[in-house]
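Final position of the sequence shown in the UniProt record's numbering is 468; the numbers increase by one with none missing.
Glycine residues also receive a C-beta, built at the ideal position from the N, C-alpha and C atoms.
Since this is a predicted model, take the numbers as computed values, not measurements.
So the structure is just underneath, and the comments pick up after that.
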Amino acid sequence: MIHRLFLIGILVAGCIRLVEGQISKVCIQSIDIIGYKKTKTTLIENELNISVGDSIPLEQLMPKLEQNKRFLVNTLLFNHVEIKILKWEEQNVHLLIVLKESWYIFPLPQFELADRNFNVWWTRHNRDIRRANLGMWLVWRNLTGYNDLLKVIVQFGYTRKFELDYTLPPMGQKRKFGFNINALYSDNKEIAYNTINNKLAFYNNFDISERQFQRIRGRFRGYYRRTLLETQQLELSFLQLSISDSIAAFNPHFFLGGNTVQRSFNLTYTYTLDKRDIRAYPLNGYYVKAILNKQGLGIFNDINQLQLTAHFGHYMQIGQHLSVATQIKGRYSFIRSQMPYNDNRALGFNEDFVRGYQYYVINGQDFLLVQSDINFKVLDVSIPLFRKFPISYLQALPLKIHLRYHLDLGYVWDRFYAQANHLSNTDLLGTGIGVDLIFYSYNIIVQFEYTFNKNGEKGLYLRYRFNF
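Right under this line is the structure:
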């Protein structure tokens, strides 16, 4: 197979050199697509920025085909994408797109740690199994063939949660609008009621039925995709949070004023320009995202805040194996009055953290985070599993391995809660090395990182994410 692809590459390169001196443009006469069953043809065609009849400068032909390959890979619908020149007739080319669809239905038994990361659960909470969630996820991608996504979550354990989520994304050039609807209920017998020395302080009573924290959310989000790479979102949501009297007594600032309920309608606008090669694990291109979020629309008086969050990422590939990346993310709160403790989060949650400070949370109203990486690909293979298995997704295990060096800088501004937290209002610096294991066309990514910070603290950390 490798020899065959090599010969095809030589043939294509030879054709280009042969006609380069004679013609300046080529015309796409046909585009044939094979290897798909569930996905609709219109979706595939609309994810491309080439079509039959297009006239393309000769020197742009191969980069154009590579760009369209990335467009299809980024849908996460296909394990394998290949765009070939099937036939070349003078100034006319015939293209063949070869696809291999991913597996779309994941009825997943769930075992999930409730803590911010694996190391916090393993070290700080002594591997307490009560801090785990058990349940079932039904993740059904490409439900109707238009890359839509249905998620149904039933979860028990540390967090009891019931969630329904459906997304129909915009579809290429012709269908520019999409939407998402979400409904969620969750509650906990334990909740972090304060942050002391940049560590979460918890209160719980697992022995009684009283819930310390409860959340109800309804959301509608509309998408507008002006181009294949540019998306705008407008979201309207309702959120009701409730805490027990015990939590309000421990920290009257949790919702401010000793309140036990916080209700708000929220309006969020998001702009995204995404020119990364592989969105789930970018190595080349750039990314811009801006979020303007208004909490509280005047219907309830429980919270009033306006925040701007901006994220810029630049990725540059150097050769086939080496790439460098820099990401800058920041948030600014326009309303400078005191925020409820529960809304005063900055670094240490989700993907916003300085590597080397994974054990800490740094709360504040504003923050700045800079993350830099040097990335080297050491392996890209497909491991045979069950070659005769009827489900093609399980016939082989695609695996990529990357080595990384990282350097992070961060700063959090906190005007109200910094007295008991020494990492606020000071420089944060962390560095280290890591190895990334990437499975199934970026659907599963497992990362091991050895990091240390400017205080001399060091450790081995495990991270993982699922891009379903």
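| query | result |
| --- | --- |
| Taking DSSP as the reference, what is the three-state secondary structure of lysine 64? | helix |
| Would you mind listing the beta strand (DSSP E) stretches within the segment 265-328 that are 3+ residues and don't spill past its ends, in chain order? | 285-295, 305-318 |
| Between the segment 424-432 and the segment 87-96, do at least 3 Cβ pairs fall closer than 8 Å? | no |
| Beta-carbon separation of asparagine 251 and tyrosine 360 under 8 Å? | no |
| In the DSSP output, which residue or residues are listed as bridge partners for glutamine 371? | Gln327, Asp408 |
| Whose CA, out of Val354, Val381, Gly459, lies closest to the CA of histidine 406? | Val354 |
| Buried or exposed, going by whether 16 or more other CB atoms sit within 10 Å of the CB of leucine 462? | exposed |
| Considering only the beta carbon of each residue, do residue 481 and arginine 221 sit closer than 8 Å? | No statement about residue 481 is possible, as the shown extent of the chain runs from 1 to 468 and does not include it. |
| Using alpha carbons as the reference points, say which of Asn46, Glu190, Glu101, Lys25 lies closest to asparagine 443. | Glu101 |
| Which residues in the same chain have their Cβ closer than 7 Å to the Cβ of glycine 432, if we skip the five residues on either side of it in sequence? | Arg355, Gly356, His406, Glu449, Tyr450, Thr451, Phe452 |
| Would you identify the three-state DSSP class for phenylalanine 220, choosing helix, strand or coil? | strand |
| So what does phenylalanine 106 bridge to, in DSSP terms? | Val139 |
| Which residue marks the beginning of the beta strand (DSSP E) containing threonine 195, and which one marks its end? | 190-196 |
| List the whole-angstrom C-beta distance separating leucine 58 from lysine 37, where the pair is believed to meet the contact cut-off of C-beta under 8 Å. | With 8 Å as the limit, leucine 58 and lysine 37 do not qualify as a contact, their Cβ atoms being about 35 Å apart. |
| Rank Phe466, Leu164, Asp128, Tyr417 by C-alpha distance to the C-alpha of isoleucine 438 and give the top, closest one. | Phe466 |
| Does the distance from the CB of tyrosine 146 to the CB of leucine 43 come in under 8 Å? | yes |
| Quick check on alanine 192: buried or exposed, where buried means 16 or more other Cβ atoms within 10 Å of its Cβ? | buried |
| How is the alpha helix (DSSP H) around threonine 42 delimited, first residue to last? | 41-46 |
| Does the contact criterion of 3 or more C-beta pairs under 8 Å hold for the segment 274-281 versus the segment 327-345? | no |
| Applying the criterion that 16 or more other CB atoms from any shown protein chain within 10 Å of the CB defines a buried residue, is threonine 434 buried or exposed? | Note that residue 434 is glycine in the sequence shown here, rather than threonine. Classification for glycine 434: buried. |
| From the DSSP output, which residues share a beta bridge with histidine 402? | Lys377, Asp436 |
| What whole-angstrom Cβ distance do asparagine 344 and asparagine 363 have, given they're in contact under 8 Å? | 5 Å |
| Please state whether DSSP places alanine 201 in a helix, a strand or coil. | strand |
| Can you look up glutamate 59 in the DSSP assignment and give me helix, strand or coil? | helix |
| Quick check on threonine 227: buried or exposed, where buried means 16 or more other Cβ atoms within 10 Å of its Cβ? | exposed |
| What residue from Tyr286, Gly135, Lys69, Ser242 has the CA that sits closest to leucine 99's CA? | Lys69 |
| What are the start and end residues of the beta strand (DSSP E) that includes phenylalanine 466? | 458-466 |
| On a CA-only basis, which of Thr144, Phe386, Asp54, Thr167 is nearest glutamine 29? Give me that one, please. | Asp54 |
| Any idea which residues DSSP pairs proline 340 with across the strands? | In the DSSP output, where bridge partners are listed per residue, proline 340 has none listed. |
| Nearest CA to the CA of serine 237: which residue from Ala325, Cys27, Arg217, Ile299? | Arg217 |
| Report yes if the C-beta distance between glutamine 307 and arginine 331 is below 8 Å; otherwise report no. | yes |
| With DSSP run on the structure shown, which of helix, strand or coil describes aspartate 352? | strand |
| Write down the C-beta distance between threonine 272 and threonine 231 rounded to the nearest angstrom, noting that I regard them as a contact closer than 8 Å. | 5 Å |
| Do leucine 108 and valine 139 have their beta-carbon atoms positioned less than 8 Å apart in this structure? | yes |
| Can you tell me whether phenylalanine 254 is buried or exposed, with buried defined as 16 or more other CB within 10 angstroms of its CB? | buried |
| Which class does arginine 215 belong to by DSSP, given the choice of helix, strand or coil? | strand |
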